[in-house]
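Asks:
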Amino acid sequence: MTTAPPAPTEFSTTDLVEMYRRMLVIRGFETRVSTLYRDGEVPGFVHLSIGQEASAVAACWHLGPDDAITSTHRGHGHCLAKGLDPLGMFAELMGKAEGTNRGRGGSMHIADPRLGIFGANGIVAAGLPIAVGAATAGQLRRDGSVVVAFFGDGAVAQGAFHEAVNLAAVWRLPVVFFCENNGYAEFSPASAQHAAPLERRAAGYGVEHVAVDGNDVAAAASRMQQVLEAVRAGRGPVIVEAATYRWHGHYEGDPQRYRTPEEVRSWEERDPLVVHAARLRAAGVSAEDLSSMQRAVDQQLDGAVEAARRLPLPDLSTVGDFVLRPRPAHPEPVPPSADAPVFRTMDAIRLAVEAELASDERVFVAGIDVAAGGNVFGLLRGLHDRFGERVRDTPISETAIMGLGVGAAMAGMRPVVELMYLDFVGVCLDQLLNQAAKMPFMTGGAAQMGLTVRTQFGAGRSSGSQHSQSLEALLAHIPGLTVVMPSTPADTYGLLRAAIQDPNPVVFIENRLLYGAKGPQPPAEHLVPIGRSAVVRPGRDVTVVSVSRMVHEALAAADALDGEGISAEVIDLRTVAPLDMGPILESVQRTGRLLIAHEAVVPFGIGAEIAATVAREAFWDLDAPVQRVGAAASPAPYSPGLEQAWLPGREEITAAVRRLAAT
């Protein structure tokens, strides 16, 4: 519901003057960017917020260094209001090496997490789940911080908005969802986009709705003070809706056929700078003082533009920088001894997560039923009892869960979030594809992203087409993501601990058919290096490369072939992104033959990448064409007989190795 506004805050004249100066900086920055874009000095897309300066300044006025914001594609004003330097921003928009994000982000992605600016975002509403993650970090640390998540009225139609607001309401997170309602979603008026106003939507989530005049900086800042005090006190999230208007089109160059000149002029008459200047004059500030301030801001911004022009462009040799952070150097561990206690893969997962929760206060776990139920398979049972709110149940909201992980990681936490089934990655792919994988790069290395996503897959139990897919190639194709697929209990334990400690986003894919698999238990300090494959069975005639459950099928096939006099060397990839090709190339040099076996469908799978690399690097070592074994190019069938006919296994591997050996 919308509450009655409290008595307005009385700002000092000094504060009112500073509000005006900040709006002048935003207006001056945006008008210069418009000219720079017109003249070809700023490439790409540009979305300006001229006319919306008051809402940005008001929303950020009471924020401190430990507070954070997430922004939109129209985010220059938000970044400036939170304290970002105009020189760095001009340089970034010009694509310069010393830009805010070293020329990797540009207008739509400008950010500086070190200042609590978690990113303008080119994906509508994508910043809202990230804000939920940053707010969760503050709640867990009990540091009194808040997050302001900017969004436009068009974002209310996105599922990410609803998932983020609902999760924030359920957890009573310290976040303000700040809607800059400028009346248009791209070219469409709000009346054509929404069947219900934002106030009614807020009520549906049990969240307070506060309406402010987005063109009156003092009035909006006064109301925001009350809102932020309530949010900091733990009363839960609030939706603030600021009525405002953008003078320019959706983007620079927009012909704006969707609105009339009369409409634009009517809003220009309510120019936030004019409204506030009148207030200053009434408070005794002279016209000369206002003009002097304008000249000072113009001088500052003109100087920043000229300084940015003189800065160098990025060295072309740095094109691949900032994709991944350097990994800790873990040596290959000694395999557990044969007389070690036996444990299961499901035990390995629980013990690994438990060890990281116990050793690092930054680690927390979140996902569907991971706390009360220990997850759908009971793998994490008991961890909530020991670690309390650091093991959290979420609503069934995959986008919010992944965004929660992204935002918390950017805030310096080490979240472990669970995607119940790998098949569900399509529901939340944006947060992995465009956020987790790209944020470190788009911020020029400034964004932290120590995020682990646990998920599982596995065909063979009639789970049907939407619960059986092996989609690792889809994720491995995304630069910035690490994809791990263990096959043994010991490797599961060591790789999961390494993943949680890794400074990069890691998708950890378990095979549910291996949860009951048994093996020797390694010591508690056991860590397996990410990005390192392993020879798990030496051989001389054929190299068989596999991953996850199919490693066991390959080993069974190799045992059967041994009796026929065919010696197969089996390599377990363990990590599919990045691929460790060294042992594969060394093996092919000796055997001259290569078979790649994976559970995924054959076309465009990881086997294609391995085959292409071997053809390039070891062509003259090959004595036969590279072969691949995998599932047929169709969805997973439900009927058990059809599924077994579709799913590859040891028989297919055995037959393929025989053919290779005979070539």
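The sequence shown begins at 58 in the working numbering and counts up one residue at a time.
We treat Cβ as the ideally placed atom computed from N, Cα and C, and that holds for glycine.
#1: Count the other CB atoms within 10 Å of the CB of Pro562; is the residue buried (16 or more) or exposed (fewer)?
#2: Gln492 and Gly271 - do their beta-carbons sit closer together than 8 Å?
#3: Out of curiosity, what's the CA-to-CA distance linking His133 and Met165?
#4: Locate the alpha helix (DSSP H) running through Glu643, then write down its first and last residues.
#5: Report the rounded CA-to-CA distance for Thr70 versus Leu337, giving the unit in angstroms.
#6: Tell me the rounded alpha-carbon separation between Glu455 and Asp142.
#7: Excluding the 5 residues preceding and the 5 following Leu642 in the sequence, name in chain order all residues of the same chain whose CB lies nearer than 6 Å to its CB.
#8: How many Å lie between Leu704 and Pro694 at the Cα?
#9: Which residues in the same chain have their Cβ closer than 6 Å to the Cβ of Cys485, if we skip the five residues on either side of it in sequence?
#10: Compare the beta carbon distance of Val222 and Phe234 with 8 Å and say whether it is the shorter of the two.
#11: State the CB to CB distance for the pair Val295 and Arg280, rounded to an integer number of angstroms; the pair is presumed to be in contact (CB under 8 Å).
#12: Under 8 Å: do the segment 195-210 and the segment 507-523 share three or more Cβ pairs, one atom per stretch?
#13: Let's see if you can read the secondary structure: which residues bound the alpha helix (DSSP H) around Pro497?
#14: Counting C-beta neighbours from all protein chains within 10 Å, is the total for Glu610 16 or more, i.e. buried, or is it exposed?
#15: Work out the CA separation of Gly173 and Glu155 for me, nearest whole Å.
#16: For Phe661, count neighbouring Cβ atoms within 10 angstroms of its own Cβ and tell me buried if that reaches 16, exposed if not.
#17: Would you tell me roughly how many angstroms separate the C-alpha atoms of Glu319 and Tyr302, rounded to the nearest one?
#18: How would you call Pro626, buried or exposed, if buried means at least 16 neighbouring beta carbons within 10 angstroms?
#19: Mind checking whether Ala556 and Val541 have CB atoms under 8 Å apart?
#20: Does Gln646 get closer than 8 Å to chain B when you measure Cβ to Cβ?
#21: Ile663 and Val633: beta carbons closer than 8 Å?
#22: One question on the structure: do Leu440 and Leu414 come within less than 8 Å of each other, judged by their Cβ atoms?
#23: Smallest Cα separation from Arg715: which of Ala688, Thr600, Met638?
#24: For Arg367, tell me which candidate among Ile710, Ala168, Glu87, Leu144 has the shortest Cα-Cα distance.
#25: Spell out a yes or no on whether the segment 668-688 and the segment 570-577 are touching, meaning 3 or more CB-CB pairs, one atom from each, closer than 8 Å.
#26: Using only the alpha-carbon positions, how far apart do Val332 and Val99 sit?
#27: Need the endpoints of the beta strand (DSSP E) that Thr632 sits in, please.
#28: According to DSSP, is Cys485 part of a helix, a strand, or is it coil?
#29: On a Cα-Cα basis, can you pick out the residue from Val604, Asp616, Val608, Met506 that is closest to Leu636?
#30: Tell me the DSSP bridge mates of Lys139?
#31: Does the pairing of the segment 405-420 with the segment 372-391 give three or more beta-carbon distances under 8 Å?
#32: Tell me Thr71's beta-bridge partners as DSSP assigns them.
#33: Report the rounded CA-to-CA distance for Gly507 versus Lys153, giving the unit in angstroms.
#34: Go to Ala556, then tell me how far its alpha helix (DSSP H) extends in each direction, as first and last residue.
#35: Among His305, Val592, Ser343, which residue has its Cα nearest to the Cα of Glu325?
#36: Quick one: Cα of Glu345 to Cα of Gln351, how far?
Replies: Walking through what the data contain:
#1: buried
#2: no
#3: One C-alpha to the other measures close to 9 Å.
#4: Looking at the DSSP string, the run of the alpha helix (DSSP H) that includes Glu643 is 639-648.
#5: 8 Å
#6: 35 Å
#7: Glu674, Ala675
#8: 9 Å
#9: Glu455, Thr456, Met459
#10: A contact, by the Cβ cut-off of 8 Å.
#11: Incorrect: roughly 10 Å between the Cβ atoms, too far for contact.
#12: With the cut-off at 8 Å, the segment 195-210 and the segment 507-523 do not touch.
#13: Unbroken alpha helix (DSSP H) run through Pro497: 496-499.
#14: buried
#15: Counting only the Cα atoms, Gly173 lies some 19 Å from Glu155.
#16: exposed
#17: 13 Å
#18: According to the sequence shown, residue 626 is Glu rather than Pro. Burial call: buried.
#19: Yes, Cβ-Cβ distance for Ala556 and Val541 is below 8 Å.
#20: Of the protein chains in this structure there is only one, and it is not chain B.
#21: yes
#22: yes
#23: Thr600
#24: Leu144
#25: no
#26: As the crow flies, the alpha-carbon of Val332 is around 31 Å from that of Val99.
#27: 632-634
#28: coil
#29: Val604
#30: None; Lys139 has no bridge partner.
#31: The segment 405-420 makes no contact with the segment 372-391, as fewer than three CB pairs between them are under 8 Å.
#32: The partner list for Thr71 (beta bridge, DSSP) is empty, contrary to what the question assumes.
#33: 27 Å
#34: It spans 546-558 - the alpha helix (DSSP H) in which Ala556 sits, taken as one unbroken run.
#35: His305
#36: 10 Å
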